[in-house]
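Input: a single structure, listed below in structure tokens.
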Amino acid sequence: MSGVASIAAVAGQPARDPGVANRLSRNRKRSNRVATVLCIAATVVALAFLASIIFTLLRLGFGGLSLTVFTSVTKPAGGNGGLLNPIVGSLIQTAIGTAVGTPIGILVGTYLSEYAGKSILGNAVRFVSDVLLSAPSILIGLFIYELFVNGRGYSGIAGGLALSVIVIPIVVRTTEDMLKLIPTSLREAAVALGAPKWKAIVLICYRAALDGITTGVLLAVARIAGETAPLLFTSLGNDNWSLALDKPMSSLPLAIYKYAGSPADDWVQLAWVGALLITFGVLALNVVARVALRPRR
Amino acid sequence: MFVLILLGAIIISLLVGGWPTLRAFGLAFVTSTDWDPVQEVFGAAVPVYGTIVTSVLALLMAVPLAFGIAFYLTELAPPLVRRPIGTAIELLAAVPSIIYGMWGFFVVVPFMAEYVQPHIIDTLDGTPLLQDLFAGPPFGTGIFTAALILAVMVVPFVAATMRDVFQTVPAVYKESAYGVGCTTWEVMRSVVIPYTRSSVVGGIMLGLGRALGETMAVTFVIGNSNRISGNLFGSGNTIASLVALEFGESEAGSLKLSSLLALGFILFVISFIVLAISRLLLREVKA
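Line by line, the protein sequences give chains Y and C. With my numbering, the residue at position 182 of the first sequence is 182, and numbering never jumps. When you read off a place in the second sequence, starting at 1, and then add 1000, the result is the number in my numbering.
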């Protein structure tokens, strides 16, 4: 029974036979109810997945949480090791990724919003940036491997660069969106006062868009903090304490990857602790970013 | 400008890296099912097959779910819970993929092995066709489980896109449909979906692009064996999982490494096409 036909039957002509009208109405109500129930079920299922993930992390990770995790470096299985070097490594590489990616992203976003307009080049850049936004992260790892690692060896800086490639499109998108929200009258006012265009952008637009761009950067940080695939081929992971940027560097996702698949119980336990830390870090960043953005909407 | 160069550089670097392989095997690289590091014979057919099968299966599971969520969030949910639930779904998208991998490996896989797979195999035993499709050892890992986890990962993306495009439908359209006595479901089917069809497809393609390149979660649960199995509980691999696993064992400059890079190139081409289509479809509505 098509929706349109039944609408016409009910709304257009009064049905001659009340029995038919009743049946029709009953059927329509029933299909409406079925659809409603199914949709609620779908939402519940998705929420159940989230709950299951968080519950599992808490159940298996919380028990292993102790001071040793934060003060001791990774050790061979059974050696009562911690996660100090993966945590620090993650922080360093995320910092590099953000520090390199953010300025580039903001510049590109500014170009798109303020200078490019609807030009062909602008559209091409916008399109490519959108594609990069959802490009498989493992390819970015391969790319950095080809560019920096091949022949030169794995290094923490290569890991950071790979992450920065992920940061750029995210920051581009939010920067452009936020700058577009700024009323033209603000810009015109600045220009009318004799400010050159760059001054109007830097002093007026950036200030007004600051909240939004910060949100974008936070989301980007949250995204790269949990990335594993691009780091596999760039920073490789390191079981020893090392802060040298030109040497292989450990990171939380890589440690989780290595430990989760291992047969040693205490390694698996550490993997869960790492997973707990990283997930709650990432989720907290997301919540903060979203709450910060909210009043703007 | 920089971004354009970046994309170009990615393509070129993968192509250059994969060139020895493409030259050595030619077109046979794409069609061959061999992957034998000892003999130095490499073919891409198995991972390509695995990539496409898992992604499509994942979408088959994810799309109805995502549609239900988007419908619920736009039309049904009381305003009070709309925001918290929407945020929760978005958080599902924020969970790092390696966490999905662990969760899949330690929670979903045992569950599948213990309850779901034996049950399905028993139930379908004797049914032609389906019996073969759902055959295989009930280890819990395999293509079906990988697709299931991919589905969970893709749902929030597709649902968020659908919700956004559903909200672009002018309220007047919906109100006039309600005005002639439509039920909520009829408004959805006859007004909202026709109005947003191309964007909905775009959102689904976006999800497909995500699923194609997903690495860590799949690596954990797919079983990682290089063969094409006709049944869904059998193990397999995908481009991304194969690259992630074998990379550490490949020497720089070897033919194997080059093959992995060539695989990366194939993955890039596939996902670029999918994402490009999705962007074009999504743009239509915005413009």
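Ideal Cβ positions, reconstructed from N, Cα and C, are used throughout, including at glycine.
- Here G1223 of chain C carries a strand assignment [DSSP, helix/strand/coil].
- Contact note: K29 of chain Y reaches chain C through T1183, using a C-beta cutoff of 8 angstroms and chain order.
- Bridge partners of G1236 of chain C according to DSSP: C:G1223.
- Boundaries of the alpha helix (DSSP H) harbouring T98 of chain Y: L84 to T110, taken from the DSSP string.
- Taking 9 angstroms as the cut-off, the Cβ atoms of L1059 of chain C and L1208 of chain C count as close.
- Burial of R187 of chain Y is indicated by the presence of at least 16 other C-beta atoms within 10 angstroms of its C-beta.
- Residues of the segment 1211-1222 of chain C whose Cβ lies closer than 9 angstroms to any Cβ of chain Y, in chain order: L1212, G1213, E1214, T1215, M1216, T1219 and F1220.
- Cβ proximity to chain Y below 8 angstroms picks out I1085, T1087, A1088, I1089, E1090, L1091, L1092, A1094, V1095, P1096, S1097, I1098, I1099, Y1100, G1101 and M1102 from the segment 1081-1102 of chain C.
- DSSP places F233 of chain Y in the coil class of the three-state scheme, outside both helix and strand.
- Under the Cβ distance rule, P253 of chain Y counts among the residues neighbouring chain C, one pair being separated by less than 9 angstroms.
- Among the residues of chain Y, those whose CB is under 7 angstroms from the CB of F1071 of chain C are C39, following chain order.
- In this structure, the CA atom of T43 of chain Y is about 26 angstroms from the CA atom of I1222 of chain C.
- In this structure, the beta-carbon distance from L161 of chain Y to T94 of chain Y does not fall below 9 angstroms.
- A direct Cα-to-Cα measurement between T1238 of chain C and A1171 of chain C gives close to 44 angstroms.
- Chain order gives the chain C residues near G226 of chain Y as A1094, V1095, P1096, S1097, I1098 and I1099, where near means a beta carbon separation below 9 angstroms.
- Note on geometry: alpha-carbon atoms of A51 of chain Y and E227 of chain Y lie some 22 angstroms from one another.
- In this model, S137 of chain Y and Y1100 of chain C are separated by some 15 angstroms (Cα to Cα).
- Distances from the alpha-carbon of M1205 of chain C to those of C:S1258, C:S1013 and C:S1278 put C:S1278 closest.
- By alpha-carbon distance to P1064 of chain C, the top candidate from C:Y1178, C:F1265 and C:A1159 is C:A1159.
- Uninterrupted alpha helix (DSSP H) stretches at least 4 residues long and entirely within the segment 1183-1224 of chain C occur at 1184-1187, 1193-1213 and 1216-1221, given in chain order.
- Looking at the DSSP output, M249 of chain Y bridges to Y:L236.
- In its chain, beyond the 5 residues on either side, T1184 and M1188 have a beta carbon closer than 7 angstroms to the beta carbon of E1075 of chain C.
- For Q1117 of chain C, the enclosing alpha helix (DSSP H) begins and ends at Q1117 to L1124.
- DSSP, read as helix, strand or coil, puts S119 of chain Y in coil.
- Note on N85 of chain Y: 16 or more other CB atoms within 10 angstroms of its CB, so buried under the neighbour-count rule.
- Identification of residues in the segment 49-83 of chain Y having a C-beta nearer than 8 angstroms to some C-beta of chain C yields F49, L50, S52, I53, T56, L57 and L60, given in sequence order.
- Close partners of E1246 of chain C in chain Y (Cβ separation under 9 angstroms) are lacking, with about 11 angstroms as the shortest Cβ gap.
- For chain Y, the residues of the segment 1258-1273 of chain C that bring a beta carbon within less than 7 angstroms of one of its beta carbons are L1261, G1264, L1267, F1268, S1271 and F1272, in chain order.
- For W241 of chain Y, there is no enclosing alpha helix (DSSP H), as DSSP gives it neither H nor E.
- Taking a contact as a CB-CB distance under 8 angstroms, the pair A1211 of chain C and V1154 of chain C counts as one, their CB atoms being some 5 angstroms apart.
- Here P169 of chain Y carries a helix assignment [DSSP, helix/strand/coil].
- Residue-level contact check: G216 of chain Y does not touch chain C, since none of the beta carbons of chain C fall below 9 angstroms from its beta carbon.
- Looking only at Y:T214, Y:V291, Y:K118 and Y:K258, the smallest Cα-Cα distance to T1219 of chain C is reached by Y:K258.
- Counting C-beta pairs with one atom in each stretch, the segment 109-122 of chain Y and the segment 165-184 of chain Y have three or more that are closer than 8 angstroms, which means they touch.
- Counting only Cβ-Cβ distances below 7 angstroms, T43 of chain Y has contacts in chain C at G1068, I1069, Y1072 and I1085, in chain order.
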